[in-house]
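Engineer: The sequence shown begins at 72 in the numbering used here and counts up by one.
Below you'll find the structure I mean.
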Amino acid sequence: LAFSIDNVFAAVAFSDNILLITLGVFIGILAMRFIAQWFVRLMQKFPFLETAAFLVIAILGVKLTLSLYEHFYPDTTFAHFLSSHTMEIMVSTVTVLLFLVPVMTSYLFGFPKRAK
């Protein structure tokens, strides 16, 4: 339910239609409940995914911190690189690999160990 409040603020920023906002928040709450249960089962099966999740959060934190540089120095080459499509693809690829590589190596080679 706590995550729903930020959804309301985001929805109000895009639309004044109260019915649409209410429906969107309701769908968001339902989706969070079902997806959260699925993630709990997935993390019970693959406990090492918790570490991967922390690494992804760290990457997003670094990206957010670097966006300050981009905001204050928008005309620099580094700022252009940070806002480029290439950077977005790199961050997305690393994020996906942080989850997929351990799962694939767990299935193929038994490392890292997964729960029985």
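For each residue, glycine too, the CB sits at the ideal point set by N, CA and C.
#1: Checking 8 Å against the spacing of the C-beta atoms, do Val-127 and Thr-166 come in under that value?
#2: If contacts are defined as beta-carbon pairs under 8 Å, then Ser-177 and Leu-153 qualify, I think. What distance do you get, rounded to the angstrom?
#3: Quick one, are the C-beta atoms of Phe-170 and Ala-123 less than 8 Å apart?
#4: Answer yes or no: do Val-141 and Ala-150 have a C-beta to C-beta separation smaller than 8 Å?
#5: Over what stretch of residues does the alpha helix (DSSP H) that includes Ser-177 continue unbroken?
#6: If you reduce the DSSP assignment to three classes, tell me which class Phe-71 lands in.
#7: May I have the straight-line CA-CA distance separating Ala-82 from Leu-120, to the nearest angstrom?
#8: Measuring straight from C-alpha to C-alpha, what distance separates Ala-129 and Leu-168?
#9: So, with DSSP's three-state summary, where would you put Ala-186?
#10: Assuming Phe-110 contacts Arg-185 under a Cβ cut-off of 8 Å, what Cβ separation, rounded to an integer in Å, is found between them?
#11: For a quick check, are the C-beta atoms of Val-162 and Lys-134 less than 8 Å apart?
Structural biologist: Let me spell this out:
#1: yes
#2: No, Ser-177 and Leu-153 are not in contact; Cβ-Cβ is about 33 Å, not under 8 Å.
#3: Contact: yes.
#4: Checking the displayed sequence, the identity of residue 141 turns out to be Glu instead of Val. Yes, Cβ-Cβ distance for Glu-141 and Ala-150 is below 8 Å.
#5: Start and end: 156-180.
#6: Outside the shown range of the chain (72 to 187) lies residue 71, about which nothing can therefore be said.
#7: 31 Å
#8: 15 Å
#9: coil
#10: No, Phe-110 and Arg-185 are not in contact; Cβ-Cβ is about 15 Å, not under 8 Å.
#11: yes
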